[in-house]
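Residue 88 in full-length UniProt numbering sits at position 88 of the sequence shown, with consecutive numbering throughout.
Take a look at the structure set out below.
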Amino acid sequence: MTQQSPQPRKRAVVFAYHNVGVRCLKVLLAGGVDVALVVTHEDSATENIWFESVISVCKAEGIRYITPEHAKGEDLLAAVKAAQPDFIFSFYYRHMLPASLLDVAPAFNMHGSLLPQYRGRAPVNWAVLHGATETGATLHEMTVKPDAGAIVAQTAVPILPDDTSHEVFGKVTVAAEITLWKVLPALLGGTAPRTVNDLTQGGYFGGRKPEDGRIDWSKPAQEVYNLHRAVAPPYPGAFTEQNGRTYVIERARLAAQAPAGLPPGLAVVDNDIFGVCGDGRALAIHSLLADGVAVTPAQLREQLNAQLNA
Numbered sequence: 001m002t003q004q005s006p007q008p009r010k011r012a013v014v015f016a017y018h019n020v021g022v023r024c025l026k027v028l029l030a031g032g033v034d035v036a037l038v039v040t041h042e043d044s045a046t047e048n049i050w051f052e053s054v055i056s057v058c059k060a061e062g063i064r065y066i067t068p069e070h071a072k073g074e075d076l077l078a079a080v081k082a083a084q085p086d087f088i089f090s091f092y093y094r095h096m097l098p099a100s101l102l103d104v105a106p107a108f109n110m111h112g113s114l115l116p117q118y119r120g121r122a123p124v125n126w127a128v129l130h131g132a133t134e135t136g137a138t139l140h141e142m143t144v145k146p147d148a149g150a151i152v153a154q155t156a157v158p159i160l161p162d163d164t165s166h167e168v169f170g171k172v173t174v175a176a177e178i179t180l181w182k183v184l185p186a187l188l189g190g191t192a193p194r195t196v197n198d199l200t201q202g203g204y205f206g207g208r209k210p211e212d213g214r215i216d217w218s219k220p221a222q223e224v225y226n227l228h229r230a231v232a233p234p235y236p237g238a239f240t241e242q243n244g245r246t247y248v249i250e251r252a253r254l255a256a257q258a259p260a261g262l263p264p265g266l267a268v269v270d271n272d273i274f275g276v277c278g279d280g281r282a283l284a285i286h287s288l289l290a291d292g293v294a295v296t297p298a299q300l301r302e303q304l305n306a307q308l309n310a
């Protein structure tokens, strides 16, 4: 009886960063994929690095990695071609891959939403900001147009009423791992399904900046609360400026009962801090920061009184 030769392992070039990059890279390794090259980013000294390191995984596993400044260089293209990949994967890599790279091998991206919903940048933050009750992770074919390729697989997770983006991102990371793990054998075998990514549904969203966390207290409390949840630490946080000081909300909940008769903005009532909103409802603020330091109700009351007496 003639023994059959084992099938050669599929080779991949992986563009990866952040927690999703780490977990999905580990799924490929566990699934027997030969990761010939990882393309990632050096951490920025100006960014709050609260997430796991793809570079650390590469060092631990002995995987070659490079950190080009962008994805359009000829050197990068040559390195990817030299790796002779059967697949290209992108897991939370921060640059768009040009057509020249996408032409090297079939390419797939893991996106942090249930496509076609919340295409583009910061999908988890946008979902929370808009009060969505569900999101997830989607593996899809990569095209030059971002988040437009056919859907291969996706996994949904709930967004609970008080979840912050950080908490939801943790769920999405697990959803990404599950999505890739379940579909990887079929993907490697060439039998993975494809579903049309209907771009007439959902919408495309751009990146977010710290300035986008500015609070407009004239808005309804639910809208202000969603902003807080969307950008709460370790993101830059929802902030307000009063009397020349910038206050950042670290932790808050919708108040069960709002203080009556107060104008929109920060207030201290019975030694508790509130953010009064335009609809008369309020946020009960459990932790308020100024210059990164917690502000007590007594300190805030003194600062607000100084503003009134100025």
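Yeah, the Cβ is synthetic: ideal placement off N, Cα and C, and Gly gets one too.
Contact set for residue i: own chain, Cβ-Cβ below 6 Å, skip 5 residues either direction
{"i": "residue 169", "result": "124"}
{"i": "residue 31", "result": "184"}
{"i": "residue 127", "result": "118, 135"}
Residue i versus residue j: straight-line alpha-carbon distance, rounded
{"i": "residue 313", "j": "residue 142", "result": "The chain is shown from 1 up to 310; residue 313 falls before or after that span and cannot be answered."}
{"i": "residue 292", "j": "residue 83", "result": "46 Å"}
{"i": "residue 156", "j": "residue 113", "result": "8 Å"}
{"i": "residue 227", "j": "residue 246", "result": "16 Å"}
{"i": "residue 37", "j": "residue 244", "result": "50 Å"}
{"i": "residue 275", "j": "residue 24", "result": "40 Å"}
{"i": "residue 61", "j": "residue 250", "result": "37 Å"}
{"i": "residue 19", "j": "residue 262", "result": "43 Å"}
{"i": "residue 152", "j": "residue 166", "result": "26 Å"}
{"i": "residue 266", "j": "residue 255", "result": "13 Å"}
{"i": "residue 97", "j": "residue 27", "result": "22 Å"}
{"i": "residue 240", "j": "residue 230", "result": "15 Å"}
{"i": "residue 63", "j": "residue 215", "result": "45 Å"}
{"i": "residue 132", "j": "residue 160", "result": "9 Å"}
{"i": "residue 130", "j": "residue 7", "result": "47 Å"}
{"i": "residue 17", "j": "residue 67", "result": "11 Å"}
{"i": "residue 117", "j": "residue 195", "result": "14 Å"}
{"i": "residue 248", "j": "residue 158", "result": "27 Å"}
{"i": "residue 70", "j": "residue 42", "result": "12 Å"}
{"i": "residue 162", "j": "residue 253", "result": "7 Å"}
{"i": "residue 92", "j": "residue 138", "result": "12 Å"}
{"i": "residue 180", "j": "residue 56", "result": "21 Å"}
{"i": "residue 294", "j": "residue 271", "result": "15 Å"}
{"i": "residue 150", "j": "residue 257", "result": "47 Å"}
{"i": "residue 187", "j": "residue 29", "result": "14 Å"}
{"i": "residue 177", "j": "residue 289", "result": "35 Å"}
{"i": "residue 282", "j": "residue 273", "result": "10 Å"}
{"i": "residue 172", "j": "residue 110", "result": "10 Å"}
Span of the alpha helix (DSSP H) around residue i
{"i": "residue 175", "result": "165-189"}
{"i": "residue 247", "result": "Here residue 247 belongs to no alpha helix (DSSP H); instead the beta strand (DSSP E) covers 245-254."}
{"i": "residue 222", "result": "221-231"}
{"i": "residue 22", "result": "18-30"}
Residues near residue i by beta carbon distance below 7 Å, same chain, minus five either side
{"i": "residue 1", "result": "Residue placement at residue 1 cannot be trusted, given a pLDDT of 47 that sits under 50; the coordinates are not used to answer."}
{"i": "residue 104", "result": "80, 81, 85, 88"}
{"i": "residue 146", "result": "96, 119, 120"}
{"i": "residue 237", "result": "213, 231, 248, 249, 250"}
{"i": "residue 207", "result": "121, 122"}
{"i": "residue 197", "result": "115, 116, 140, 148, 149, 150, 151"}
Identity of the residues DSSP links to residue i by a beta bridge
{"i": "residue 287", "result": "251"}
{"i": "residue 204", "result": "119"}
{"i": "residue 9", "result": "Its beta-bridge partners do not exist; DSSP assigns none."}
{"i": "residue 275", "result": "266, 283"}
{"i": "residue 195", "result": "151"}
{"i": "residue 260", "result": "According to DSSP, which records beta bridges pairwise, residue 260 is partnered with nothing at all."}
{"i": "residue 293", "result": "290"}
Span of the beta strand (DSSP E) around residue i
{"i": "residue 212", "result": "Careful: residue 212 lies outside any beta strand (DSSP E) and carries neither H nor E."}
{"i": "residue 311", "result": "Not covered by the structure: residue 311. The range shown for the chain is 1 to 310."}
{"i": "residue 238", "result": "238-242"}
Sequence-distant residues of its chain with Cβ nearer than 8 Å to residue i (five each side left out)
{"i": "residue 9", "result": "32, 33, 34"}
{"i": "residue 299", "result": "none"}
{"i": "residue 99", "result": "144"}
{"i": "residue 101", "result": "71, 76, 77, 80, 88, 107"}
{"i": "residue 264", "result": "217, 218, 276, 277, 278"}
Inset, instruction - Could you tell me which uninterrupted beta strand (DSSP E) segments, each at least 3 residues in length, are contained entirely in the UniProt domain "Formyl transferase N-terminal" (32-182), listed from first to last along the chain? - result: 34-39, 87-91, 107-111, 134-141, 151-158
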